[in-house]
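Protein chains in written order, with the working numbering: chain H, 221 to 548; chain Z, 221 to 548.
Ideal placement from N, C-alpha and C gives every residue a C-beta, glycine not left out.
Every value quoted in this text rests on a predicted model; they were computed, and no experiment measured them.
Okay, so here's the structure we're looking at.
Below, the structure is given as structure tokens:
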């Protein structure tokens with residue numbers, strides 16, 4: 221097994237990427253391939269102690285920035301870490317690709333170079349969501365902002381495989397994100413998708429409202445990529461603002477400061493349960509290869525955990541299982 | 221001034237509604253009109269002490285339930301508290317209507333019976349959002365799930381009036397909810413709306429990503445009603461789950477229980493800052509009358525605060541000001 225990593229992707233690359241890779245090397249002893257500007261990668265690696273025989277560097281002189289237009293940058297920067305890294309998945313022995321870089325470019329390059337798997341028309345980014353019951357899996361959170369009902373049905377099939385094999389949910393329930401419980405709710409997309417899911421998806425439990433995403437009602441939640449992206453980002457922003465607000469309140473009051481100290485481990489544990497970096501990588505499903513997208517602001521821990529998630533995907537052979545389900 | 225209240229609307233009606241009205245009567249001394257099943261209203265009122273001369277009851281024998289289809293129920297239940305209550309706004313002396321009932325029915329009845337104001341094509345539900353900087357105002361959060369670019373421009377005009385007069389923002393900044401900062405982001409709606417806002421809205425500052433809703437980047441955030449509804453509800457669900465999670469963590473550890481006790485007032489204060497019921501009522505803008513929609517699960521405090529919000533809307537004469545801006 222070899223995990224390919226975009227060393228240049230993300231707001232804190234290559235520092236955070238390399239630091240996370242080194243943590244993963246020490247913990248999981250899995251061979252990794254770092255793709256990017258060789259000199260910069262080597263400079264960063266020198267700062268750490270790690271098992272050198274597990275690391276391969278592949279030079280890719282170009283960098284696609286976070287603001288580059290997705291499709292154009294793929295065509296123009298043929299030697300970028302993203303294009304070269306995804307290209308490697310076509311060769312035997314390279315099992316998964318992880319990038320914290322430009323999401324649009326990763327989606328475009330994966331679609332172009334790897335192609336779609338039979339039975340799936342559009343890629344979808346899946347996101348592992350912490351819930352009161354453990355985890356849910358929401359797809360799509362940003363790859364496909366013009367979803368059709370059949371795309372949501374395809375997402376449901378893939379999400380069930382992921383939830384089952386990677387998240388250990390024995391019998392995943394599928395829900396459709398919507399603005400009401402009744403089947404007549406939503407836009408044309410949701411109404412049509414509701415019908416189609418009811419007809420063709422045996423584990424469909426109906427609509428899930430956005431306030432139910434975190435309560436574990438459904439293990440797999442399918443939605444259009446625009447809406448899913450908003451749901452994910454609003455959660456991120458809200459947690460940040462609430463944390464900031466709480467800090468401000470605590471600072472006003474010395475008794476509260478003491479309280480916060482005593483509460484520290486519980487707060488930390490609760491934060492850990494809802495921290496995206498605990499999971500680290502969002503799988504891009506539907507393309508013919510294992511691709512994981514990490515947050516642009518990924519910490520070393522998030523990168524390490526994305527590598528752990530990639531290892532799990534390879535170990536469970538989820539690409540083959542997804543292909544099997546999608547072709548049914 | 222008279223505030224009309226749907227006594228039958230919401231999950232805990234008429235109990236919570238009447239309890240909230242009584243709190244408002246005692247605090248604001250404003251005349252209210254309770255619309256609904258007279259017997260039930262009188263039974264509830266008997267449980268409280270209040271200034272009887274401030275209360276008028278108008279009997280409406282039918283009730284539109286939370287699950288009734290919106291338009292059909294308006295046609296079929298002509299004597300419901302919603303239809304009768306909104307009808308009162310056409311008469312002089314009845315200034316605003318508040319309902320915690322079926323949102324779709326309130327929107328439909330308001331549109332049909334009050335009509336749209338000149339220059340506005342679709343109603344929008346505005347929501348006051350607590351931010352690190354104080355408040356923002358997001359519109360639409362659920363009235364119009366097939367928004368066109370010009371609707372978002374109209375929402376922007378109305379939102380500025382509301383933010384300025386009701387939320388005391390001297391010069392409100394307008395943002396477009398989108399999934400990226402660049403103008404090329406989003407679906408056809410957002411791309412077109414971005415162009416239109418840039419051209420016609422002098423206070424437009426560009427796209428606002430969902431993770432920026434709570435940081436105060438924009439005072440007025442315009443979006444399609446489907447997306448706005450998801451953003452709002454995901455926030456609600458996340459806060460509930462985080463609260464529950466924190467409780468579970470704290471219970472595991474006696475030191476943390478002490479910490480939580482010491483932190484109580486700060487937690488309470490932070491919760492207050494992000495609590496929807498602090499504001500209580502979401503204004504339905506664009507219709508020719510002052511209509512406020514409260515959450516179906518409204519507590520008495522939320523109803524009291526909705527009445528306070530309605531009083532503020534009447535005092536600031538916002539309907540006339542919105543009409544003035546919308547016709548420009």
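Mapping the DSSP letters down to three states, classify residue i as helix, strand or coil.
i: residue 316 of chain Z; result: strand
i: residue 387 of chain H; result: coil
i: residue 354 of chain H; result: strand
i: residue 344 of chain Z; result: strand
i: residue 284 of chain H; result: coil
i: residue 301 of chain H; result: helix
i: residue 507 of chain Z; result: strand
i: residue 442 of chain H; result: strand
i: residue 405 of chain H; result: coil
i: residue 518 of chain H; result: coil
i: residue 322 of chain Z; result: coil
i: residue 338 of chain Z; result: coil
i: residue 309 of chain Z; result: coil
i: residue 437 of chain H; result: coil
i: residue 375 of chain H; result: helix
i: residue 266 of chain Z; result: coil
i: residue 432 of chain H; result: helix
i: residue 475 of chain H; result: helix
i: residue 368 of chain Z; result: coil
i: residue 231 of chain H; result: coil
i: residue 457 of chain Z; result: helix
i: residue 421 of chain H; result: coil
i: residue 413 of chain Z; result: helix
When DSSP builds the beta bridges, which residues end up paired with residue i?
i: residue 426 of chain H; result: H:395
i: residue 333 of chain Z; result: DSSP lists no partner for residue 333 of chain Z.
i: residue 502 of chain Z; result: Z:513
i: residue 527 of chain H; result: According to DSSP, which records beta bridges pairwise, residue 527 of chain H is partnered with nothing at all.
i: residue 349 of chain H; result: H:356
The beta strand (DSSP E) with residue i in it runs from where to where?
i: residue 254 of chain Z; result: 252–256
i: residue 279 of chain Z; result: 275–279
i: residue 242 of chain H; result: No beta strand (DSSP E) holds residue 242 of chain H; the alpha helix (DSSP H) holding it covers 235–248.
i: residue 224 of chain H; result: 223–226
Would you mind stating whether residue i and residue j have Cβ atoms separated by less than 8 Å?
i: residue 293 of chain Z; j: residue 284 of chain Z; result: yes
i: residue 241 of chain Z; j: residue 523 of chain Z; result: yes
i: residue 328 of chain H; j: residue 291 of chain H; result: yes
i: residue 457 of chain Z; j: residue 430 of chain H; result: yes
i: residue 463 of chain H; j: residue 352 of chain H; result: no
i: residue 231 of chain Z; j: residue 516 of chain Z; result: yes
i: residue 511 of chain H; j: residue 326 of chain H; result: yes
i: residue 238 of chain H; j: residue 264 of chain H; result: yes
i: residue 543 of chain H; j: residue 359 of chain H; result: no
i: residue 513 of chain H; j: residue 331 of chain H; result: no
i: residue 379 of chain Z; j: residue 335 of chain Z; result: no
i: residue 376 of chain Z; j: residue 412 of chain Z; result: no
i: residue 362 of chain H; j: residue 479 of chain H; result: no
i: residue 489 of chain H; j: residue 469 of chain Z; result: yes
i: residue 288 of chain Z; j: residue 222 of chain Z; result: no
i: residue 393 of chain H; j: residue 438 of chain H; result: yes
What do you get for residue i, buried or exposed, if any count of 16 or more other CB atoms within 10 angstroms of its CB means buried?
i: residue 296 of chain H; result: exposed
i: residue 384 of chain Z; result: buried
i: residue 273 of chain H; result: exposed
i: residue 350 of chain H; result: buried
i: residue 503 of chain Z; result: buried
i: residue 537 of chain Z; result: exposed
i: residue 391 of chain H; result: exposed
i: residue 298 of chain Z; result: exposed
i: residue 440 of chain H; result: buried
i: residue 406 of chain Z; result: buried
i: residue 311 of chain H; result: exposed
i: residue 343 of chain H; result: buried
i: residue 414 of chain Z; result: buried
i: residue 313 of chain Z; result: exposed
i: residue 486 of chain Z; result: buried
i: residue 526 of chain Z; result: buried
Tell me the residue span of the alpha helix (DSSP H) that contains residue i.
i: residue 538 of chain Z; result: 538–546
i: residue 271 of chain H; result: Neither: residue 271 of chain H is in no alpha helix (DSSP H) and is coded neither H nor E.
i: residue 290 of chain Z; result: 290–296
(request) Quick one: which residues of the segment 435–458 of chain Z get their C-beta closer than 7 Å to a C-beta of chain C? List them in chain order. (result) Here chain C cannot be found, since the structure's protein chains are H and Z.
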